[in-house]
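Residue 1 is where the sequence shown starts when you use UniProt numbering, and the numbers rise one by one after that. Read the structure below first, then the notes.
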Amino acid sequence: MSSALLNIPMEWTVADLQDYLDGIPAHRIRLRPWPGTATVQDVVRIDDRLDRLCELIDGVLVEKAMGFEESWIALNVLILLGQFLQQHPLGIVTGADGLIQLLPHQVRIPDGAYFAWERLPDRRLPREAVPHIVPDLAIEVLSSSNTPTEMRRKLREYFQAGVRLVWYIDPASQMVTVYHSEHDSVELDENQMLTGEDVLPGFEVPVRQLFTPPEAPQ
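Structural data, given as structure tokens:
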């Protein structure tokens with residue numbers, strides 16, 4: 001896996017760029033700045049001026065995509081984590097617009113992330129727009145525009161950077177895949193419990209609860 005700027009060969013087409021980016025749909029790839037030349041500052045500028053969240057992959061800006069259902073599930077998970085952390089102040093949790101620089105030329109935006117206080121500089125909330133910090137737990141809610149190879153690459157980056165635990169939440173199957181490393185995972189169905197293990201000791205929630213929306217009053 002690369003973490004260097006991409007030098008695009010002259011003969012490349014958009015399809016070649018998509019292949020390099022693990023099949024990400026073309027509508028998510030931004031062509032300005034030219035792919036391979038984008039920086040962390042460009043990520044911040046586009047967020048500020050265009051209100052578009054982009055990840056940075058080897059100098060290429062790729063828009064973050066999330067549907068309505070995925071957005072609700074991500075928020076639901078963050079509420080549950082936030083409630084737990086109110087009672088057990090072990091660290092902080094960030095949401096689907098929290099940009100972090102994991103590796104050189106790589107900015108990722110997990111749908112949720114948990115940071116133990118020890119992971120934060122001086123045990124304080126960073127003030128930078130894109131802090132260079134690594135979460136203990138990264139959470140991704142899968143959507144239809146995510147490709148399997150894209151998510152495998154992201155998983156490699158998380159563990160290469162030092163993330164301890166990763167949750168991939170799949171609304172389609174209503175299952176959660178818990179990764180302890182790139183090649184060590186367990187799948188949980190709606191009848192099982194999702195726990196924070198030694199990363200968030202004491203946290204547990206039924207998998208079913210992640211996907212169950214509230215009912216409107218009669």
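Backbone N, C-alpha and C fix where the C-beta goes; we use that ideal spot for every residue, glycine too.
* To do: Return the residue from the list 59, 81, 201, 118 that minimises the CA-CA distance to residue 106.
  => 59
* Could you check what DSSP says for residue 219 in three-state terms: helix, strand or coil? => The structure shown does not extend to residue 219, since the chain spans only 1 to 218, so no value can be given for it.
* Asked: Considering only residues of the same chain and omitting the five flanking positions on each side of residue 123, which have a CB-CB separation below 8 angstroms?
  -> 117
* Please decide whether residue 24 counts as near chain C, where near means a Cβ-Cβ distance under 8 angstroms. => Considering every chain present, this structure includes no chain C. It has just one protein chain.
* Who are residue 107's beta bridge partners in DSSP? -> 56, 101
* **Run of the beta strand (DSSP E) containing residue 206, from where it starts to where it stops** => 204 to 206
* Does the Cβ-Cβ distance between residue 151 and residue 179 come in under 8 angstroms? -> no
* Asked: Are residue 61 and residue 42 closer than 8 angstroms when you measure CB to CB?
  -> yes
* Around the Cβ of residue 204, are there at least 16 other Cβ atoms within 10 angstroms (buried) or fewer (exposed)? -> exposed
* **alpha helix (DSSP H) segment containing residue 17, residue limits** => 14 to 20
* **Which residues DSSP lists as bridging residue 232, in chain order** => Beyond the ends of the chain as shown, which are 1 and 218, falls residue 232; an answer cannot be given.
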